[in-house]
Amino acid sequence: MSTEEFRKEQQFVTDLYRRLDDLRDQAEQAVEGALRDVGTGFQARLERDVLVAEQSGLLSALNAGENGLCFGRLEFSDGRDHHIGRIGIRADDAERTPLVLDWRAEVARPFYLATGHTPMGLRRRRHISSRGRVVTALHDEILDLTDAERTGHEGADADAVLLAALDAARTGRMHDIVRTIQAEQDRVIRSTHRGVLVVEGGPGTGKTAVALHRAAYLLYAHRELLAKRGVLIVGPGPAFLGYIGGVLPALGETGVLLSTPGELFPGVHATGTDRPGAAAVKGRAAMAQVLARVVADRQSLPEHVPTGTGEEYDTVPEPALEIDHDDYGTLLLDRTMAHEARDRARATGLPHNQARPTFAFRIIDALTAQLADRLGADPYGGPNLLGPDDVAQLGKEIATSRAVHAAIDSLWPSLTPQRLVADFLAEPTHLPADEARLIRRAPSARPDWTPADVPLLDEAAELLGEDDSALRAAEERQRQRRIAYAQGVLDVSAGSQSYEFEDEENEYLAAHDIIDAERMAERHEEADHRSAAERAAADRTWAFGHVIVDEAQELSEMAWRLLMRRCPTRSMTLVGDPAQTGDEAGCGSWERILSPYVGERWELVRLGVNYRTPAEIMEVAAAVLRERDPGFEPPRSVRATGVRPWARASDDLAGAVAEAVERERPAEGRLAVIAPRDLHGALAGVLPGVREGAEPDLTREVVLLDPRQAKGLEFDTVIVVEPADFEPSDLYVALTRATQALGVVHSPGRPPSGRAPAWGGLLRR
1 MSTEEFRKEQ QFVTDLYRRL DDLRDQAEQA VEGALRDVGT GFQARLERDV LVAEQSGLLS
61 ALNAGENGLC FGRLEFSDGR DHHIGRIGIR ADDAERTPLV LDWRAEVARP FYLATGHTPM
121 GLRRRRHISS RGRVVTALHD EILDLTDAER TGHEGADADA VLLAALDAAR TGRMHDIVRT
181 IQAEQDRVIR STHRGVLVVE GGPGTGKTAV ALHRAAYLLY AHRELLAKRG VLIVGPGPAF
241 LGYIGGVLPA LGETGVLLST PGELFPGVHA TGTDRPGAAA VKGRAAMAQV LARVVADRQS
301 LPEHVPTGTG EEYDTVPEPA LEIDHDDYGT LLLDRTMAHE ARDRARATGL PHNQARPTFA
361 FRIIDALTAQ LADRLGADPY GGPNLLGPDD VAQLGKEIAT SRAVHAAIDS LWPSLTPQRL
421 VADFLAEPTH LPADEARLIR RAPSARPDWT PADVPLLDEA AELLGEDDSA LRAAEERQRQ
481 RRIAYAQGVL DVSAGSQSYE FEDEENEYLA AHDIIDAERM AERHEEADHR SAAERAAADR
541 TWAFGHVIVD EAQELSEMAW RLLMRRCPTR SMTLVGDPAQ TGDEAGCGSW ERILSPYVGE
601 RWELVRLGVN YRTPAEIMEV AAAVLRERDP GFEPPRSVRA TGVRPWARAS DDLAGAVAEA
661 VERERPAEGR LAVIAPRDLH GALAGVLPGV REGAEPDLTR EVVLLDPRQA KGLEFDTVIV
721 VEPADFEPSD LYVALTRATQ ALGVVHSPGR PPSGRAPAWG GLLRR
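See below:
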């Protein structure tokens, strides 16, 4: 082994970190200097905010490079030599010489794709392992045997770096895989497909890591577009988002919005739970038509005939509302009047709330005409005695009447999505009785929204729209006030010119010569310097540049309607495995998900190599699904541990689990107990330091989960409890979370072979 090669790489890494520290210091000083700036003018504040935003983003990227800044080196046969790292860094010279190339750069691609058969111009590929800023190992691969000197760091096993990463203890957080991206993964990450790309893969194939690295690659390759529109990543639950939350920041990307399906409606954090079957009903595409009919029901007509005795009722042959006006007595809003106004409002094609002003104006006009006919009628049959000005004044009085607006609101109310959906769930209509019974829940001032409610809220928001005419009018009034103020400033500036010029050829420019009042007012408007992700999180109508969905097979048809609205360009990466579909509302089939939106214009890529799950565990898990589908083929595991999964039966289930945890807990790494939800209370009571809940702390040495919470996660050791209570797809998920060891604990009368005899026989006792 060449110590000289080791010394050279250590010196390079040391110099590289020195440059990183310099860049970081410069960014920090720029931010601190900008924040100390005491300028109060609008232009000064704007420049300060822009500088702080830019330098803060740069600082985040530089901080992300602290660990594993440089992990590879490419030596080309033509003499080129490049180091590869998490972020690109250049030297402080006139040529801005690259010191380390960003892993996403095209020239870095041979690091992931080159083979002895197709060297892509490479002579040698070097993997550099480090801990902090210290190089700990070098691993060289010679790709051109005719033109490469031996360094002593060549390895007999070309996959040594990958296998070392797979065997490393878990920390409770997903790490990036930039050092070990495999060829099939790289092709997905860098795919040029601009539409919907579906990445299908079984457990352990790295599909989640691929999706996250694809997000980082797209942000690198299409920075200008995606920095403005942002990237949305949707994961199955809070535990999963916590698990993957550090991957993109570690790659220098912080402007990405992570969300669960229950958080996709601004202002709502859905934590409630549906009764069995309810989510499936709510998730069907037909719910869109049901909600449209519910909204139409709220655009009603008078139902009752007035019962008064005054002469004003003598000509009322149909249902009408009686409106008591303070000055003019009773007005009648009859069914014909309301029907005509409703037809006119619906004809606009606008959502309910935005069409409401049209309805209101038609009603006000009709009531004004009714009142004018009553007050201005000539007793001798002549023309109406009221002139246009009189009628206009009556119209103003009708338009400002609270009683009139109350009547309008009773027929065409202004609605919020929350109110509409809550009212619908309290008394479901337009559904079969059995489905209505499943989703019905008691009315509440503060509903406990469930994830299945969120697409309904979003659909309701589309149907209702938002009448922002009052807000826009207020903003326009404010804008006009700013313009008037600016014009006053310019007038004062022009009027203050009291000097005379002896030389009439000289011209002096004043403020009013170079700017008008409107442009001057615009310069004093407050700018929004929030990141795209921050603005998108608060704006339901935000259109993302790209959307990534993990466990995509789990989402309902209604959830897909919501997501497609978030991405009108249909630039999406969908990640999942139909074999792991566990949600009763899940679509499962890619064709079923995508056909309504893109037809056949989507691409499917399959990942077939299991990097996580040892062959011994995968054999057991595959047998579970073969009970349902004899032809099922799992992804191929790249390694075996020689350790078969085990099973234990005990009358004291909680005690047996506690004993197994103590015995199987790894010296380093994490252990997960995956059990039915109704057992969590008893198990948490016997496992020290373990807490149950919707958002478990995955960094703890032992964590308690149910199968749905475990989706997408991985642990060194997993203990599955009472597997007979799990559906096959959930059991498949639970069994495939382990990277090293798997155990099963069950009651004596409920053996694991009770549901799937084949897999139960594979466990050692």
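Under the UniProt record's numbering, think of the first position of the sequence shown as 1, with each following residue one higher. C-beta atoms are modelled at their ideal positions from N, C-alpha and C, and glycine is treated no differently.
Item                                                                                                                                                                       : Value
Using only alpha-carbon positions, find the residue among ALA278, LEU394 and ARG663 that is nearest to ASP326.                                                             : LEU394
Using the Cβ count rule (16 or more neighbours within 10 Å means buried), how would you classify LYS8?                                                                     : exposed
What's the C-alpha gap between GLN709 and PRO455?                                                                                                                          : 21 Å
Helix, strand or coil: which one does DSSP assign to ALA700?                                                                                                               : It is Arg, not Ala, that sits at residue 700 in the sequence shown. Coil.
With distance defined between alpha-carbon atoms, name the residue in LEU59, VAL575 and GLY655 nearest to ARG606.                                                          : VAL575
Determine the DSSP secondary structure at LEU20, reduced to helix, strand or coil.                                                                                         : helix
From which residue to which residue does the alpha helix (DSSP H) around PRO98 run?                                                                                        : That residue, PRO98, is in no alpha helix (DSSP H); its beta strand (DSSP E) goes 98-102.
Keeping to the same chain, check which residues put their C-beta closer than 6 Å to that of THR309; ignore five residues upstream and five downstream.                     : Residue placement at THR309 is flagged as unreliable, the pLDDT there being 47, under the threshold of 50; a coordinate-derived value is accordingly withheld.
Report back the beta-carbon spacing between GLU722 and ARG750 to the nearest angstrom; my notes put them in contact at under 8 Å.                                          : 6 Å
Compare the beta carbon distance of SER747 and ALA649 with 9 Å and say whether it is the shorter of the two.                                                               : yes
Can you tell me where the beta strand (DSSP E) with GLY137 in it begins and where it stops?                                                                                : The residue you asked about is not Gly; residue 137 is Ala in the sequence shown. Per DSSP, ALA137 belongs to the beta strand (DSSP E) from 134-142.
Touching or not, the region 18-35 and the region 212-225, by the rule of three or more beta carbon pairs under 8 Å?                                                        : no
I need the DSSP call for THR573, collapsed to helix, strand or coil.                                                                                                       : strand
Which value, in whole angstroms, describes the spacing of the CA atoms of GLY262 and GLU534?                                                                               : 17 Å
Tell me the rounded alpha-carbon separation between ALA452 and ALA422.                                                                                                     : 13 Å
Using 10 angstroms around the beta-carbon of ARG628, count the other beta-carbons present and answer buried if the total reaches 16, otherwise exposed.                    : exposed
Among all the DSSP beta bridges, which residues are the ones paired with ASN610?                                                                                           : SER637
What are the partner residues of ALA647, as DSSP defines its beta bridges?                                                                                                 : VAL744
So what's TRP602 in DSSP terms, helix, strand or just coil?                                                                                                                : strand
Under the assumption that THR330 contacts ARG344 (Cβ atoms under 8 Å), give the Cβ distance between them as a whole number of angstroms.                                   : Not confirmed; about 25 Å, so no contact.
Return the first residue and the last residue of the alpha helix (DSSP H) that GLY681 is part of.                                                                          : 680-686
Excluding the 5 residues preceding and the 5 following ASP583 in the sequence, name in chain order all residues of the same chain whose CB lies nearer than 6 Å to its CB. : GLU554
Below 9 Å between beta carbons: does that hold for LEU59 and ILE548?                                                                                                       : no
Along the chain, where does the alpha helix (DSSP H) containing ILE244 start, and where does it finish?                                                                    : 238-244
So, helix, strand or coil for LEU394, using DSSP?                                                                                                                          : helix
LEU333 and LEU371 look like a contact to me (Cβ under 8 Å); what is the Cβ gap, rounded to whole Å?                                                                        : Incorrect: roughly 12 Å between the Cβ atoms, too far for contact.
Just verifying my parser: in three-state terms, what is the DSSP assignment at ALA105?                                                                                     : coil
Considering THR358, what are the terminal residues of the alpha helix (DSSP H) in which it resides?                                                                        : 352-375
According to DSSP, simplified to helix, strand and coil, what is ASP15?                                                                                                    : helix
In the DSSP assignment, find the alpha helix (DSSP H) that holds GLY223 and state where it starts and stops.                                                               : According to the sequence displayed, residue 223 carries Arg and not Gly. Unbroken alpha helix (DSSP H) run through ARG223: 223-229.
Between which two residues does the beta strand (DSSP E) containing HIS546 stretch?                                                                                        : 546-549
If you follow the beta strand (DSSP E) that THR330 is part of, which residue opens it and which one closes it?                                                             : 329-334
State the DSSP-derived secondary structure class of VAL690, mapped to helix, strand or coil.                                                                               : coil
Would DSSP call LEU122 helix, strand or coil?                                                                                                                              : strand
Between ASP577 and PRO203, is the Cβ-Cβ spacing less than 9 Å?                                                                                                             : yes
Quick check on this structure: which residue in ASP678, GLY246, ALA532 and GLU695 has the alpha carbon closest to the alpha carbon of ALA239?                              : GLU695
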